[in-house]
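**Q** In our numbering, the protein residues as written are 5 to 169. Yeah, the Cβ is synthetic: ideal placement off N, Cα and C, and Gly gets one too.
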């Protein structure tokens, strides 16, 4: 049932932020950029709350946070992405949300947009998955488990016989 639940919507924009309309931030519906004065912890807490998904059974879907080196942003977000942190919020066997933050350290890199200086730029990339592929992967895993168990049992039995000799 978990694999059949619909994908959540793209998270809402950060509070007290403005959306970036730079070409790279709007070229796909699955990536958006925002300028904000929030710190990293506030950004991640906000997005974690946004993607918490209550199942029809009244339970939250499991959500894990994975940290990546900032250099990976050029692969996972887009090429030319500047980054000081990159985290992935993932629902296992389902969708992922990549949150990239760039907080300038040098004066020449300061972010000044709409007559305001911003603390950082956040880029959110949503990587949804199709239900059919989730179900196929789930069925494959469930069908392989008995095979692995049988093979493990054979190996374990042989090891016990060798140990008795």
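Using a Cβ-Cβ cutoff of less than 6 Å, which residues in the same chain neighbour residue 87 once the five nearest sequence positions on both sides are dropped?
**A** Hits under 6 Å: 74, 77, 104, 106.
**Q** Mind checking which residues open and close the alpha helix (DSSP H) that includes residue 45?
**A** 44-55
**Q** Nearest to residue 16 by CA position, among 47, 28, 117, is which residue?
**A** 47
**Q** Is the beta carbon of residue 22 less than 8 Å from the beta carbon of residue 39?
**A** yes
**Q** Tell me which residues share the same chain as residue 20 and place their Cβ nearer than 8 Å to its Cβ, disregarding the 5 neighbours each side in the sequence.
**A** 40, 41, 42
**Q** Using only the alpha-carbon positions, how far apart do residue 101 and residue 130 sit?
**A** 5 Å
**Q** Residue 96: which of 169, 132, 51, 115 sits nearest, CA to CA?
**A** 132
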